[in-house]
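Written out below as structure tokens is the structure these notes cover.
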Amino acid sequence: MNFFQPAVFYTTVNHLRDLPIESAAEIAFAGRSNAGKSSAINTLANRTRLAFVSKTPGRTQHINYFSLGGQRYLVDLPGYGYAKVPGAVKDHWRELLGEYLAERAQLCGLILIMDSRHPLTELDLNMLQWFLPTGKPVHCLLTKADKLNRSDSIAVLRQVTQALAQMAPNYTVQLFSSLKKTGTEEVEKVAARWFEDAEKKLTVGG
1 MNFFQPAVFY
11 TTVNHLRDLP
21 IESAAEIAFA
31 GRSNAGKSSA
41 INTLANRTRL
51 AFVSKTPGRT
61 QHINYFSLGG
71 QRYLVDLPGY
81 GYAKVPGAVK
91 DHWRELLGEY
101 LAERAQLCGL
111 ILIMDSRHPL
121 TELDLNMLQW
131 FLPTGKPVHC
141 LLTKADKLNR
151 SDSIAVLRQV
161 TQALAQMAPN
171 YTVQLFSSLK
181 KTGTEEVEKV
191 AARWFEDAEK
201 KLTVGG
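The numbers in the UniProt record's numbering rise by one with no breaks, and the one at position 201 of the sequence shown is 201.
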């Protein structure tokens with residue numbers, strides 16, 4: 001069984017006051033709308049419809065929690081940057097997303113989804129810079145890597161690796177393909193390490 005396979009839907013949250021108090025550690029998935037976030041979550045969990053995949057960007061409108069067991073959670077955040085979302089909804093997303101990422105103590109790391117053909121957009125860079133003060137790690141998935149040839153994928157991986165290294169030592173990146181199911185083991189190792197580190201801190205703190 002892979003690391004994310006136990007994932008089951010737990011709850012949907014539209015206000016910070018409703019965040020689960022029983023959570024001990026969380027890993028959040030974020031990304032620009034239509035970058036392949038839902039597909040990546042489904043692939044990692046080896047499920048077809050755990051996270052809803054829509055051809056309409058901006059479908060995820062709330063914070064969706066999936067339990068991994070043992071007070072561990074996978075958190076699916078609203079996609080950012082989709083222009084056709086009504087202004088009031090967009091403002092609510094921004095506030096909800098911003099406060100969650102900045103203030104959620106249980107959050108132990110962020111997995112940021114970027115389309116490998118269009119990485120490091122202005123929105124992605126804003127997210128990476130904005131998250132920096134938390135001191136928490138980010139692992140970027142360059143999705144849809146199957147759409148690039150080998151030389152292009154190597155080049156984009158090098159480009160993004162260099163850019164992240166200039167931002168923070170705990171910002172990392174890999175290639176990922178939901179279609180080919182490549183890169184899953186690397187993500188699992190990162191997530192397992194983050195959870196273990198978070199739980200060690202809780203044990204020491206306790």
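For glycine and all other residues, C-beta sits at the position ideal for the given N, C-alpha and C.
Just so you know, these numbers come straight off a predicted model, no measurement behind them.
- Annotation: G109 to V138 spans about 6 Å, alpha carbon to alpha carbon.
- Across the structure, F195 and A28 are spaced so that their CA atoms are roughly 12 Å apart.
- Within the region 96-179, the runs of alpha helix (DSSP H) that reach at least 4 residues and sit entirely inside it are, in chain order, 122-131, 150-167.
- Inter-residue distance for D197 and L96 is about 26 Å (C-alpha atoms, whole angstroms).
- Q162 sits exposed, since fewer than 16 C-beta atoms from the chains shown fall within 10 Å of its C-beta.
- One thing to note: V187 has its Cβ no nearer than 9 Å to the Cβ of Q166.
- Taken through DSSP and simplified to helix, strand or coil, I21 comes out as coil.
- CA-to-CA, the gap between V75 and A155 works out to about 30 Å.
- The bridge partners DSSP lists for F29 are D76, I111.
- Assigned with DSSP and collapsed to three states, T48 falls in coil, not helix or strand.
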